[in-house]
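In the numbering used here, the protein residues as written are 420 to 557.
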């Protein structure tokens, strides 16, 4: 019997994501840097608003005006994300017209209520579920 020693190759451990909202003065150099690594990026009134993994930009010297961790509280998270969203696009996979009616409501009433609550436009794309499709309607 021959024993062979195999070197274990440890993959570089990815640091735990440190998701933050940052606000900094608008500058083309900063915009290009954030465009590569930002989860969300928004330009307005001479400022750059971004949601980033801080591990990606920790070494960059950015003159941040605000640098705060992204809240995990749903209501606070909703407020933060709605700063960056113009509209929400939903893709709904249904098996039958009755499922579609159940999900979006009569004449889209459930979606309209959600849009009013969030204060933004919601677009719904409906797709017919194929046999064996992994998507579920729940």
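Even glycine gets a Cβ: it sits at the ideal position worked out from N, Cα and C.
Quiz item: Out of 448, 470 and 454, which has the shortest C-alpha to C-alpha gap to residue 503?
Solution: 470
Self-check item: Where the alpha helix (DSSP H) containing residue 501 begins and where it ends
Solution: 493-503
Quiz item: Three or more beta-carbon pairs under 8 angstroms between the region 445-457 and the region 494-503, yes or no?
Solution: no
Quiz item: So residue 466 is in the beta strand (DSSP E); what residue range does that whole segment cover?
Solution: 466-472
Quiz item: By Cβ distance, which residues of its chain are closer than 6 angstroms to residue 514, with the 5 residues on each side in sequence left out?
Solution: 548
Quiz prompt | Assigned secondary structure, residue 522 (DSSP; H/G/I helix, E/B strand, else coil) | solution = helix
Self-check item: residue 527 CB to nearest heavy atom of the ligand SAM below 7 angstroms
Solution: Annotation note on the ligand SAM: not contained in the displayed structure, which lists no ligands.
Quiz item: Applying the criterion that 16 or more other CB atoms from any shown protein chain within 10 Å of the CB defines a buried residue, is residue 457 buried or exposed?
Solution: buried
Practice problem: Could you check if residue 439 is buried or exposed, using at least 16 other CB atoms within 10 Å of its CB as the buried criterion? | Solution: buried
Quiz item: Is residue 539 buried or exposed, if buried means 16 or more other CB atoms sit within 10 Å of its CB?
Solution: exposed
Quiz prompt | Collapsed DSSP secondary structure at residue 557 in the structure displayed | solution = Low local confidence applies: a pLDDT of 42 at residue 557 is under 50, so the model's placement there is unreliable, and no value is given.
Exercise. Determine the closest residue to residue 445 out of 435, 480 and 461, with distance taken between C-alpha atoms.
Key: 461
Exercise. Give a yes or no on whether the minimum CB-CB distance between residue 442 and chain D is below 8 angstroms.
Key: The structure shown has no chain D; it contains just one protein chain.
Practice problem: Could you check if residue 453 is buried or exposed, using at least 16 other CB atoms within 10 Å of its CB as the buried criterion? | Solution: buried
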